[in-house]
Each structure stands twice: as structure tokens, then as C-alpha cells.
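Everything below concerns the one structure shown next.
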Amino acid sequence: MSPEVYAKFERYPPHVKVQLMRIRSLIFAVAKTLDKSVDEGLKWGEPSYTVKGGTAVRIDWKPQSSTSLFLFVNCKTKLVDTFREVLPDAFEYQGNRALKFDLNADIPEEALRLCISVAFTYQKRKTLPLLDM
């Protein structure tokens, strides 16, 4: 973990940091199953994860939405619209850029794993119906 990303995680409240670290681990696990290497950094002040052939995912917690966690994707993709159609009850969706879920509940791991996998393979999926989900 880079010093910048480490510093960002250290600024989260402890209970938030635990959940975001779980999501971070999930991101790296998904990338490993896809045989992809992850580049981790900060983008717009949020932990960001990119792989070759995919689109970035970012994770964050916002004090103004203190009971929620977010996974952000590029708003110029079809990702959130497709996730909303295929997984209508898995998350609360915000526009065309974010999945929002409850900080204090179990992480919707299987749905999140699928969404990360689709984002990390977006370049080969982007022209397929429902992104081949």
C-alpha cells in the first residue's frame, strides 16, 4: 500500500476502516482470480484500483453519509445502469457512478465480487448485452 493510500485509510474512523479494508481485500482477490495486477492509488482523494483491460473502481466513506459505504465507477460506462438492471436489490444505486451499501450490515460480498469482476473486464464486455452478466 502506498504511503498516500495508507494515510487515507488511517484517517477513517476505526469501524469504517475495517469495512473498507475488507472491500480492498475483496478487490485484490477478484483481480487475482482474473490473473490481473492491481494498481492502487488515490483518485479524487479516494482509494482507486485499476487493472489492465478494465475500468477503475474507487471506494470511500463520506462523513455526510456516515452510515454508508460507496464503490464508485467511471460514470461514462454502462456499469451502474447494468448492475441496477441485473442486481436491482443488491445495492442502492446513485446515478450512473456509485453503489451504496450499509456500513453496519454485512458487505454484499457476492454481488460486490461480481460488480468488481465486470468492472475489471469492462473493455471486453462493453459491447455485449448486459455486459454479459
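All residue numbers for the sequence shown refer to the UniProt record's numbering, where the first residue is 1 and numbers rise by one. For each residue, glycine too, the CB sits at the ideal point set by N, CA and C.
- DSSP, read as helix, strand or coil, puts residue 12 in coil.
- Linking residue 86 to residue 121 through their CA atoms gives a straight-line distance of about 17 Å.
- A residue is called buried once 16 or more other Cβ atoms fall within 10 Å of its Cβ, and residue 105, having fewer, is exposed.
- In the three-state scheme derived from DSSP, where H, G and I count as helix and E and B as strand, residue 107 is classed as coil.
- Counting other Cβ atoms within 10 Å of its Cβ, residue 19 reaches 16 or more and is therefore classed as buried.
- Here the region 9 to 18 does not lie against the region 32 to 44, with fewer than 3 beta-carbon pairs under 8 Å apart.
- Assignment of residue 63 by DSSP, reduced to helix, strand and coil, places it in the helix class.
- A distance below 8 Å separates the beta carbons of residue 56 and residue 43.
- Excluding sequence positions up to five before and after residue 99, its CB lies within less than 6 Å of the CB of 71, 91, all in the same chain and listed in chain order.
- Shown here for residue 78: same chain residues with a beta carbon closer than 8 Å to its own, the five before and five after excluded, namely 126, 131 in chain order.
- Rounded to the nearest angstrom, the Cβ distance from residue 68 to residue 89 is 16 Å, too far for a contact under 8 Å.
- With contacts defined as CB atoms closer than 8 Å, residue 41 and residue 5 qualify as a contacting pair.
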